[in-house]
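To convert, note that position 138 of the sequence shown is 137 in numbering that gives the first Met the number 0; the numbers rise steadily by one, no gaps.
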Amino acid sequence: MKQHILIFASALLLFSCKKDDNKPANSQDNNKLLYVIEDNKFNFSFFNTALTATSFNTLLLDKGPYTVLIPDNSAFQRSGYNTEQDVAKERGAVLVNMIQYHILKGLWQLDKLPYRFNQPVSTSSGAQLFVTHWVHNQDTVITINGTPVTAQNLPASNGLVQVISAVLNPLNQDKLSAAIAAEPSLTYFNAALQRAGMKELLKGDGPLTVFAPNNNAFIAAGFPTTDSIIQTSPDVLRNLLQFHMLGSRRFVYDYVLTTDVSNQSLQNMLNNSTTTVNIQNNGSAYTITVQGAGNRQPAQLLKSNVLTNNGVLHIIDQVLMENF
């Protein structure tokens with residue numbers, strides 16, 4: 000994998016550099032960020048379409064410097080944009096938020112950051128994203144919001160390009176509490192949080208990671224209605240909910256970086272009990288399952304990596320149980 004990334008980065012450099020890299024850049028050169036992106040249409044045409052549709056292409060001709068996080072064309076396709084025309088037809092507000100979230104002010108050589116998980120970095124609009132710099136299986140890995148960077152520090156005269164393997168989703172909610180309340184499939188989980196007096200915890204600074212069972216999971220676990228949740232002891236619910244939370248920010252790919260060859264690891268939840276996380280490699284992407292000691296089968300993630308400023312939300316298809 001490491002060799003493929005190096006080859007890919009070298010190819011991009013060949014296409015993007017119109018000038019001798021040893022010559023000093025000037026405002027008249029043809030190696031500004033916009034031209035680098037336009038010259039690499041074989042890989043960046045979807046992103047370039049979004050730039051043009053939002054008029055952010057002119058920004059990348061400015062003095063800068065800027066660091067642009069570019070999802071390659073296949074990343075856009077995995078996000079549901081099958082063609083460039085699909086990108087062009089997207090609502091303007093969606094594209095503006097998307098582009099702003101992929102542009103940083105200044106030169107960000109992400110490989111110079113400390114070896115840490117999920118270090119906050121501000122985008123050009125002031126929103127936060129989270130960068131991990133880590134070593135896994137002797138390879139140095141950089142991820143942004145749990146998305147691997149596939150080519151690093153590609154130079155332009157007014158900035159840098161970092162190529163990423165997914166389209167990053169801007170924050171739609173500031174806090175986990177709001178993200179859960181806004182999700183129609185989590186009304187039972189939200190009712191449990193209210194009954195247990197835990198809404199304020201999810202409005203705090205965090206960071207937290209929440210594995211939230213959906214409504215069908217609560218029904219299958221013996222809560223046929225939200226009224227049945229309201230009639231349950233707050234202490235019982237509080238322990239149950241704490242078994243679905245951990246006191247750190249964890250994206251799916253973070254588990255890939257911290258799990259050994261067994262593809263299995265234990266994680267401490269807020270109630271000091273442990274769940275088991277299993278890594279699954281599906282060829283083009285990794286997924287995880289999570290299981291309590293009382294679950295006969297692991298819970299599957301129905302939705303993952305929902306980012307807020309105080310943590311990450313994953314939606315699962317079972318209520319996690321400590322005991323049979």
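Glycine included, each C-beta is placed from N, C-alpha and C at the ideal position.
Pull up the DSSP beta-bridge partners for residue i, would you.
i      : result
ASP138 : HIS135
GLN127 : SER121
ILE228 : According to DSSP, which records beta bridges pairwise, ILE228 is partnered with nothing at all.
MET244 : VAL209
SER264 : VAL276
LEU300 : ILE315
ILE163 : PRO70, VAL148
TYR65  : LYS104, GLY158
ILE143 : VAL130, THR146
GLN290 : THR275
GLY310 : LEU207, THR307
Specify the secondary structure class of residue i as computed by DSSP and reduced to three states.
i      : result
THR51  : helix
VAL318 : coil
ALA339 : Since the first residue shown for the chain is 0 and the last is 323, residue 339 is missing from the structure and cannot be characterised.
TYR80  : coil
VAL305 : strand
ASN21  : Reliability fails at ASN21, whose pLDDT of 36 lies under 50, so the model's placement of it is uncertain and the value that follows must be treated cautiously. Correct three-state label for ASN21: coil.
SER26  : At SER26, the pLDDT of 46 sits below 50, so the modelled position is not reliable; the number obtained from the coordinates is stated separately. Of the three classes helix, strand and coil, the one that applies to SER26 here is coil, per DSSP.
TYR285 : strand
LEU94  : helix
GLN193 : helix
GLN99  : helix
LYS111 : helix
THR186 : helix
ASN215 : helix
GLU38  : One point to set straight first is that residue 38 is Asp, not Glu, in the sequence displayed. ASP38: helix per DSSP, three-state reduction.
LYS174 : coil
ALA181 : coil
ALA324 : As displayed, the chain neither begins before 0 nor continues past 323, which places residue 324 out of reach and without an answer.
LEU269 : coil
THR257 : helix
LYS202 : helix
PHE14  : Below a pLDDT of 50, predicted positions are generally treated as unreliable, and PHE14, at 38, falls in that range; the measurement from the model is reported next regardless. DSSP places PHE14 in helix when its eight states are reduced to three.
PHE323 : coil
ASN238 : helix
PHE250 : coil
PRO233 : helix
PHE116 : coil
PHE43  : helix
Flag this pair as yes or no: are the beta carbons of residue i and residue j separated by less than 9 Å?
i      : j      : result
LEU103 : THR122 : yes
ILE314 : ASN213 : yes
VAL242 : GLY291 : Correcting the residue type first, residue 242 is Phe in the shown sequence and not Val. In this structure, GLY291 lies closer than 9 Å to PHE242 by Cβ.
THR208 : LEU312 : yes
ALA180 : THR307 : no
GLN263 : VAL255 : no
SER78  : ALA165 : yes
GLN99  : PHE46  : no
VAL289 : PHE217 : no
PRO233 : ARG194 : yes
SER124 : ASN144 : no
ASN215 : ASN238 : no
If residue i and residue j are in contact, beta carbons under 8 Å, what's the gap, nearest whole angstrom?
i      : j      : result
MET320 : GLY293 : 3 Å
LEU185 : ALA211 : 5 Å
VAL120 : LEU128 : 6 Å
LEU240 : ALA191 : 6 Å
VAL94  : ALA126 : According to the sequence displayed, residue 94 carries Leu and not Val. 15 Å between Cβ atoms; not a contact.
PRO206 : GLY310 : 5 Å
GLN266 : THR274 : 6 Å
Quick check on residue i - is its C-beta less than 9 Å from some C-beta in chain B?
i      : result
ASN152 : Among the protein chains of the structure shown there is no chain B, as only one such chain exists.
- Query: Are the region 302-320 and the region 250-267 touching, with three or more C-beta to C-beta distances below 8 Å?
  - Reply: yes
- Message: Pairs of beta-carbons, one from the region 57-65 and one from the region 152-165, closer than 8 Å: are there three or more?
- Response: Contact holds: three or more Cβ-Cβ distances are below 8 Å.
- Query: Is it a yes or a no for the region 104-115 touching the region 195-204, going by three-plus beta-carbon pairs under 8 Å?
  - Reply: Not touching, per the Cβ criterion.
- Message: Counting beta carbon pairs with one atom in the region 65-83 and one in the region 160-171, are three or more of them shorter than 8 Å?
- Response: Enough Cβ pairs lie closer than 8 Å, so yes.
- Message: Quick check: the region 71-80 against the region 37-57, are at least 3 beta-carbon pairs closer than 8 Å?
- Response: yes
- Query: Between the region 217-233 and the region 274-281, are three or more C-beta pairs nearer than 8 Å?
  - Reply: By the Cβ test, the region 217-233 is not in contact with the region 274-281, since fewer than three Cβ pairs between them sit closer than 8 Å.
- Task: Determine contact between the region 79-95 and the region 170-178, defined as no fewer than three beta-carbon pairs at a distance below 8 Å.
- Result: no
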